[in-house]
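Chains A and B supply the protein sequences, listed in that same order.
My numbering numbers the first residue of the first sequence as 1 and each following residue consecutively.
My numbering numbers the first residue of the second sequence as 168 and each following residue consecutively.
Working notes for the structure below.
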Amino acid sequence: MKRKLFAGLLLLGTLSATAIAEEAELKSFERGSWQQILHSHAGRPTLVHFWGVTCGPCKIELPQLRHFMKDHPGIDVVTISADLVPNLPEATQSMLQKAGLSSAENWMFSDGFADRLRFEIDPTWQGDIPRTMLIAREGTVTTIEGAAEMSELDKWAQGQAATTGSR
Amino acid sequence: MSKVRPVFGAAAMAAIFALWHGGSSAQMNHQHASEAACEETLLRCASKVTPAFGRDGALWLVWMAGGQISVASSKDEGKSFSSPVQVTRENLNLDWGPDARPKIAVDREGRIALAFSIFRDKAFNGQVLTTQSTDGGKSFAPLRPITSNNESQRFEAIAFKPDGTVFAAWLDKRNRVPARESGTPYDGAALFFATSKDGNSTYSDAQLAADNTCECCRLGLALDGGGHPVIVFRNIFEGGIRDHAVVTFNDPASPGEIHRVSRDDWQIAACPHHGPSLSISPNGTYHVAWYTNGKARKGLFYARSTDGGKTFSDPLPIGAPGRSPSRPQIIAGPDGLMMVWKEFDGERTEIKLMTSRDDGASWSTSRSIASTTDSSDHPLLVSDSRRVYLSWMTKADGYRFQPIESEP
């Protein structure tokens, strides 16, 4: 197991390094990924943005997130492509790259049973995108349906920065 | 400027996670992500299946599988099917969004009309293509675009009028162009329509029915007793409110006034991909089922109109709120109204049924009529004038076509 694990890590490390240099790394969002994301960002204010390449309003909002990232380095930014037209990793990577979000933590739905993935995130979510979840340092989740107002996101981020006094 | 960040920690975590789960989440796996059970063009590999009955009682199916559109028929209520006829030949990028599906209509003479959308470029601009068969489904004519305009079109709907004319409607983004040129904002898309007098081969010039509709939801199309098309669609009302509207066409196909179905107050700049369902009973009552997540109400709802769509009854909530009720479908059948929808508990999808014998004034309690544990198409209802059937494509259990027994 140890050897297998090491080989896996090595292979993945190589792949990731190559991928990042050229394009956005895209992780597969599968069953359990949501809990993994929550766990890995626990205690850190995190913006999770759900979007998709075939979604018109997403095309406008996505590039704005780059400015958000730049303005708020203390906030973790996670994007999840939950496009309702599945199986488009190349287009997804290309749009992330164009939006200047290659360095964000980028995921893409990669389970044919998208209903189940969405249910793990929010049982009431029927799949409309864009959608943004703001996860506060102490875990409070605020969901914004549709395109978010950047001023609203800025306000939330500033509030999060104020809760620690250190950024 | 380097974009490289020290992300090895996250990557390593992902690798450990992948190995522990015995999967290969490090790389995108197309096979794994598929909504379909297999990659061939066979019915059991389909992700979307649409049924229609011919006047002779034959059941016709059109489906999307293996990147192609195919058609077959059944003379024994779906127990066995004819050899499939593949309608598409080249590898088109079919629109396989959740509210997209190939459409089929069969007229009195047995002519078969098909319509479906493709993504014609890398920016996901859509195009509606049509074809028809005049030899009982043995062969289909070469595909033709429904309109010569090249702006994005999706979410088509077709129906044969009693005189054999095909009525088609779709969502079209052509009116964004003049708006962009004049620097005015343009929300959503527009509802366009056209008619074909030669059985779906050539269409009249496309005409506008409504500007600023939601751009990503299926249309609900039905014909009233006089053969006038009626369309229910998700509109964009003032203030970006994506609530439902209805339009009834006069003859010759000209759109009447647009009326609001319900004030749900769903203000959202997003793509719900969750369109309405419409059926008209023989006495002319409009029956509409829809999804909303508005300020006024959230979930699935039903309402009816007894004045040709001018006013609607108070919305009736459908389904169990904790089980994300979705994808409603309603039909006025020989035994009254039937409505189906999906409910999901995190693992299992159930198809729920509700019936009404008094034209929608009251409804039965709901009961489960089918279920599956993997992805599935929307549940559809189709009637051969004797009975109503559920048509439902599932990944795990294949294609299901089952008669719906009336309530005792």
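Cβ coordinates follow ideal geometry from the N, Cα and C atoms, glycine included.
As the structure is a computational prediction, the values presented were derived from the model and not from experiment.
| query | result |
| --- | --- |
| Beta-carbon proximity check, L310(B) vs Q299(B), cutoff 8 Å | no |
| Cβ of D541(B) within 8 Å of any chain A Cβ | yes |
| Cβ-Cβ separation, M133(A) to T124(A) (assumed contact under 8 Å), whole Å | Incorrect: roughly 13 Å between the Cβ atoms, too far for contact. |
| Reduced DSSP category for K94(A) - H, G, I as helix; E, B as strand; rest coil | Here the sequence assigns Ser to residue 94(A), which means Lys is not the residue at that position. DSSP places S94(A) in helix when its eight states are reduced to three. |
| Minimum C-alpha distance to V333(B) - residue among I325(B), I497(B) and A463(B) | I325(B) |
| Contacts that E206(B) makes with chain A (C-beta to C-beta distance below 7 Å) | Near E206(B) there are no residues of chain A at all, since even the closest Cβ is about 12 Å away, more than 7 Å. |
| Where C205(B) sits in the DSSP three-state scheme | coil |
| Secondary structure of H395(B), DSSP reduced to three states | coil |
| Bounding residues of the alpha helix (DSSP H) (the contiguous stretch that carries W34(A)) | S33 to S40 |
| Per DSSP, the bridge partner or partners of F568(B) | S558(B) |
| Residues that DSSP places opposite Q374(B) in a beta bridge | F360(B) |
| Contacts of Q35(A) in chain B (Cβ-Cβ under 9 Å) | Result: empty, since nearest Cβ-Cβ is about 10 Å, beyond 9 Å. |
| Burial state of A162(A), where buried means 16 or more other Cβ atoms lie within 10 Å | exposed |
| Cβ-based burial, D288(B) [other Cβ within 10 Å; buried from 16] | exposed |
| Rounded Cβ spacing between W559(B) and R553(B) (contact assumed at less than 8 Å) | That pair is no contact at about 20 Å. |
| Stretch pair the segment 90 to 101 of chain A + the segment 393 to 413 of chain B: three plus CB contacts closer than 8 Å | no |
| Outcome for T561(B) when other beta-carbon atoms lying within 10 angstroms are tallied against a minimum of 16 | buried |
| Within chain A, the residues that S491(B) reaches when beta carbons sit closer than 9 Å | D115, R118, F119, P123, T124, W125 and Q126 |
| Close beta carbons around W608(B), own chain, < 6 Å, minus the five adjacent residues each side | Residue 608(B) is absent from the structure shown; chain B starts at 168 and stops at 575. |
| Classification of D71(A) by the beta-carbon crowding that lies within 10 angstroms, buried from 16 upward | exposed |
| Near-chain B residues of the segment 142 to 154 of chain A - C-beta to any C-beta below 8 Å | E145, G146 and A147 |
| Assigned secondary structure, C58(A) (DSSP; H/G/I helix, E/B strand, else coil) | helix |
| Pair within 8 Å by beta-carbon distance, G355(B) and I398(B) | no |
| C-beta neighbour in chain A for H441(B), strict 8 Å | yes |
| Residue environment, V171(B), which counts as buried when at least 16 other CB atoms sit within 10 Å | Low local confidence applies: a pLDDT of 31 at V171(B) is under 50, so the model's placement there is unreliable, and no value is given. |
| Cβ shell of A157(A) (< 8 Å), same chain only, five flanking positions each side left out | P45, L47, F68, D71, H72, G74 and I75 |
| Chain B within 8 Å of A91(A), Cβ atoms only | yes |
| Which listed residue (P484(B), T473(B) and V229(B)) has its alpha carbon closest to that of S448(B) | T473(B) |
| Residue from N260(B), C383(B) and G293(B) whose Cα sits closest to the Cα of P130(A) | C383(B) |
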